[in-house]
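Report on the structure given below.
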Amino acid sequence: MTAADPVTTADLVELLAGPVVPAARGLLGCRLAAGGVTVRITEVEAYAGTAGDPASHAHRGRTPRNAVMFGPAGHAYVYFTYGMHWCVNVVTGLDGEASAVLLRAGEVVDGLDAARARRPAVRRDVDLARGPARLCAALGIDRSAYGLDLLGDGPVRLRPPLEPVAEAAIEAGPRVGVTGAHDVPWRFWISGDPTVSAYRRHVPRVRR
DNA sequence: CACAAGATGAAG
DNA sequence: TTCATCTTGTGC
20 MTAADPVTTA DLVELLAGPV VPAARGLLGC RLAAGGVTVR ITEVEAYAGT AGDPASHAHR
80 GRTPRNAVMF GPAGHAYVYF TYGMHWCVNV VTGLDGEASA VLLRAGEVVD GLDAARARRP
140 AVRRDVDLAR GPARLCAALG IDRSAYGLDL LGDGPVRLRP PLEPVAEAAI EAGPRVGVTG
200 AHDVPWRFWI SGDPTVSAYR RHVPRVRR
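Residue numbering for the first sequence follows the numbering used here, beginning at 20 and increasing consecutively.
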C-alpha cells in the first residue's frame with residue numbers, strides 16, 4: 020500500500036493531508052456519496068493555495084467564500100459559478116494551506132434512479148455526472164454542503180476506491196476553463212473512461 | 001455602492 | 001455559437 024492508492028479511510032485522510040498533486044491522483048477511483056447517489060470519481064483538478072497558483076480561488080488570500088480551503092483537509096469547498104452551477108472541491112494539505120481538488124466528473128455506481136430524477140434531460144448514464152456542475156447536480160450538492168467533513172458520517176461522504184486505480188491508467192493534462200497556468204498539467208483523469216468531461220479551453224467571456 | 005468576470009451547461 | 005443568470009471580490 021502506498022499513499023497513491025488509499026485502501027482505508029484513514030489512509031485517505033493521510034493522503035489528503037499531504038501535497039495536492041498526489042492527493043488529486045489518489046482521489047481518482049474514490050467514491051462520493053450524497054443524496055442517495057454514489058459516484059466513482061473519474062476526473063479531478065488540483066488547485067494550489069496562495070502559493071503562486073493564479074487559478075486557485077485562494078490565491079489572493081482568505082475571503083468568506085474560500086475560508087474552508089484554509090482549514091483542515093477532507094472538508095468540502097462548494098462554490099457557485101456562472102449564476103447557476105455548483106461545484107465541489109475536496110480541501111487538501113495541512114491546516115492553513117489553502118489547496119483543494121476540484122471533482123470534475125464521476126461514474127454513477129449507485130442510486131441511478133435518484134441521479135436520473137435530478138437530471139431528467141440526460142439520455143446516457145455516462146452523462147449524469149460528466150462535468151463538475153453535473154456531478155453536483157446528480158448528487159444534489161449545493162451550498163448546504165459547504166464545509167462538511169467528507170470523511171465522517173455526514174450527509175456527504177468520501178470513501179476510498181473499491182479497487183485501486185493503477186498509476187498507468189491515470190492521464191494528466193492542462194486544467195479546463197483556467198485562464199493562466201496552462202503549463203501545469205494538473206487535471207487528472209482515468210484513461211479512456213467514458214464519464215470524463217470534454218476538454219474546453221478557457222475563453223474569456225465578452226461583455227456586451 | 002457599482003460593476004466585471006467567472007474552475008459551466010444546455011440548446012440551437 | 002450563444003445564452004442563461006448571480007455571487008464574489010474589487011474599485012470608486
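Glycine residues also receive a C-beta, built at the ideal position from the N, C-alpha and C atoms.
{"Item": "Applying the criterion that 16 or more other CB atoms from any shown protein chain within 10 Å of the CB defines a buried residue, is residue 132 buried or exposed?", "Value": "exposed"}
{"Item": "Kindly list the residues whose CB is nearer than 8 Å to the CB of residue 100, restricted to its own chain and excluding five residues on each side of it in sequence; keep chain order.", "Value": "106 and 152"}
{"Item": "Mind checking whether residue 177 and residue 109 have CB atoms under 9 Å apart?", "Value": "yes"}
{"Item": "Which ranges does the beta strand (DSSP E) cover as unbroken runs of at least 3 residues, wholly within the stretch 49-132, from first to last along the chain?", "Value": "50-53, 56-66, 95-100, 104-111 and 118-129"}
{"Item": "Checking 9 Å against the spacing of the C-beta atoms, do residue 60 and residue 125 come in under that value?", "Value": "yes"}
{"Item": "Skipping 5 residues on each side, what residues in its chain have a beta carbon closer than 6 Å to that of residue 85?", "Value": "76 and 77"}
{"Item": "Reducing DSSP to helix, strand and coil, say where residue 212 ends up.", "Value": "coil"}
{"Item": "Measuring only the C-alpha atoms, how far is residue 167 from residue 155?", "Value": "14 Å"}
{"Item": "In or out: residue 96 buried (at least 16 other Cβ within 10 Å) or exposed?", "Value": "buried"}
{"Item": "Report yes if the C-beta distance between residue 32 and residue 65 is below 9 Å; otherwise report no.", "Value": "no"}
{"Item": "Please list, in chain order, all residues of the same chain as residue 55 whose beta carbon is under 7 Å from its beta carbon, the five residues on each side excluded.", "Value": "130 and 133"}
{"Item": "Going by DSSP in three states, residue 191 sits in which element: helix, strand or coil?", "Value": "strand"}
{"Item": "Over the uninterrupted alpha helix (DSSP H) stretch that includes residue 31, give me the two end residues.", "Value": "28-35"}
{"Item": "Rounded to whole angstroms, what's the CA-CA distance from residue 220 to residue 193? Just pull it up for me.", "Value": "9 Å"}
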